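In short: position in the sequence shown from 1, add 1, done, that's my numbering. Virtual Cβ for every residue (Gly too), placed ideally from N, Cα, C. All figures in this text were calculated on a predicted structure; none of them were measured in a lab. This report refers to the structure that appears directly beneath it.
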Amino acid sequence: MIWVNIHLISWLLLIVTVLLSFALKDKLATIFMMITRVLYIPILASGFMLALFRVPRDPVLGSLKVILGLAVIALLEIGFARKNRNNLSANILWTLGIVFVATSLLGLVLAGWYFF
Numbered sequence: 002m003i004w005v006n007i008h009l010i011s012w013l014l015l016i017v018t019v020l021l022s023f024a025l026k027d028k029l030a031t032i033f034m035m036i037t038r039v040l041y042i043p044i045l046a047s048g049f050m051l052a053l054f055r056v057p058r059d060p061v062l063g064s065l066k067v068i069l070g071l072a073v074i075a076l077l078e079i080g081f082a083r084k085n086r087n088n089l090s091a092n093i094l095w096t097l098g099i100v101f102v103a104t105s106l107l108g109l110v111l112a113g114w115y116f117f
């Protein structure tokens with residue numbers, strides 16, 4: 002149960018830092034990008050532990066959740082790189098939002114619709 006709490010709290014903090022890093026300019030945005038990257042550590046660690054419990058019980062949805070979670074992180078990094086080059090497009094942000102919502106919904110399905 003502790004892994005679920007770590008995972009959810011880390012994702013909530015990640016949402017805040019991502020929104021701030023995309024909204025702010027230059028130096029502050031870079032600071033929040035670094036904080037976001039530090040938050041990947043507990044997200045990946047707790048996600049790995051949760052996957053150890055979930056994938057044997059529901060291999061297809063569990064594997065899909067892992068893939069979508071990694072896709073969210075990859076899209077975040079693509080968005081950060083494009084923001085640093087002043088080439089950020091709405092397509093990346095929309096794709097990131099859709100994949101994030103799909104990942105969140107799938108995570109809730111796998112957790113039995115329990116938040117904590």
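Looking at the structure shown, is residue i part of a helix, part of a strand, or coil, going by DSSP?
| i | result |
| --- | --- |
| Asn-85 | helix |
| Arg-58 | coil |
| Leu-25 | coil |
| Trp-114 | coil |
| Ser-11 | helix |
| Ile-2 | Position check: residue 2 holds Met in this sequence, whereas Ile was assumed. Correct three-state label for Met-2: coil. |
| Ser-64 | helix |
| Ser-47 | helix |
| Pro-90 | The identity of residue 90 in the sequence shown is Ser, whereas the question assumes Pro. The answer is coil: DSSP assigns Ser-90 none of H, G, I, E or B. |
Leaving aside the five residues before and after residue i along the sequence, list all residues of the same chain whose C-beta is less than 6 angstroms from its C-beta, in chain order.
| i | result |
| --- | --- |
| Pro-43 | Ile-7 and Ser-11 |
| Leu-21 | Phe-33 |
Just to confirm, are residue i and residue j a CB contact at a threshold of 7 angstroms?
| i | j | result |
| --- | --- | --- |
| Leu-76 | Leu-89 | no |
| Met-15 | Leu-40 | Here the sequence assigns Leu to residue 15, which means Met is not the residue at that position. Result yes, Cβ atoms of Leu-15 and Leu-40 sit closer than 7 angstroms. |
| Thr-37 | Val-17 | no |
| Ile-99 | Gly-80 | no |
Using C-beta distances below 8 angstroms, list every residue in its chain close to residue i, excluding the 5 sequence neighbours before and after it, in chain order.
| i | result |
| --- | --- |
| Ala-112 | Val-5 |
Which residues in the same chain as residue i place their Cβ atom closer than 7 angstroms to its Cβ, once the five residues preceding and following it in sequence are excluded?
| i | result |
| --- | --- |
| Ile-74 | Tyr-41 |
| Ala-52 | Gly-63 and Val-67 |
| Leu-109 | none |
| Asp-59 | Leu-111 |
| Phe-101 | Val-73 |
Assuming residue i and residue j are in contact, meaning their beta carbons sit under 8 angstroms apart, how far apart are those beta carbons, in whole angstroms?
| i | j | result |
| --- | --- | --- |
| Lys-66 | Phe-23 | Not confirmed; about 24 angstroms, so no contact. |
- Item | Touching by the beta-carbon criterion (3+ pairs, under 8 angstroms), the segment 37 to 54 and the segment 67 to 76 | yes
- Message: Across the segment 24 to 33 and the segment 93 to 107, are there enough close Cβ pairs to call them in contact, namely three or more that are closer than 8 angstroms?
- Response: no
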